[in-house]
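Asker: Please find one structure pasted underneath; my questions will follow.
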Amino acid sequence: MTVHDDPTDSIDPLDDIVRELLLERTANLDAKRLAAFIDGWGSLLRLLDRTNLLLPGAPEPLTEALQAVVGRIRESQARVLDDDDDV
27 MTVHDDPTDS IDPLDDIVRE LLLERTANLD AKRLAAFIDG WGSLLRLLDR
77 TNLLLPGAPE PLTEALQAVV GRIRESQARV LDDDDDV
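Sequential numbering from 27 applies to the sequence shown in our numbering.
Shown next as structure tokens:
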């Protein structure tokens with residue numbers, strides 16, 4: 027269990043960064059630039075998922091840590107986008 031799996035821990039500081047990167051920085055983009063930004067964001071996360079290519083031969087704890095970071099970013103993204111839908 028990670029620190030942020032606890033339902034009583036509803037505020038994750040990572041959410042502020044993800045909110046800034048996904049929502050605030052994209053607010054004034056035209057459709058073409060917004061699509062490119064979203065594609066780039068998703069591509070980066072997919073690349074980071076490929077720890078075997080990014081860190082070939084790395085110790086398992088290191089690759090697991092990177093996978094955990096990517097997982098936290100994805101969870102934060104889901105919360106931020108869900109919060110934005112509620113506004």
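Where a beta carbon is used, it is the ideal one built from N, C-alpha and C, also for glycine. Quantities reported herein were computed from a predicted structural model and do not represent experimental measurements.
On the three-state DSSP scale, how would you describe A104?
Answerer: In the structure shown, A104 sits in a helix (DSSP, three-state: H, G or I).
Asker: Below 8 Å between beta carbons: does that hold for L71 and I99?
Answerer: Their beta carbons are under 8 Å apart, which means L71 touches I99 by this criterion.
Asker: Go ahead and label S102 buried or exposed: buried means 16 or more other beta carbons lie within 10 angstroms of its beta carbon, across all protein chains shown.
Answerer: Flag for S102 reads buried.
Asker: Exposed or buried, which one is V95 when buried takes at least 16 other CB atoms within 10 Å?
Answerer: Exposed is the call here.
Asker: Quick check on A94: does DSSP put it in helix, strand or coil?
Answerer: Looking at A94 - three-state DSSP - the assignment turns out to be helix.
Asker: Could you tell me the alpha carbon to alpha carbon distance between D56 and I64, rounded to whole angstroms?
Answerer: Whole-angstrom Cα-Cα distance: 12 Å.
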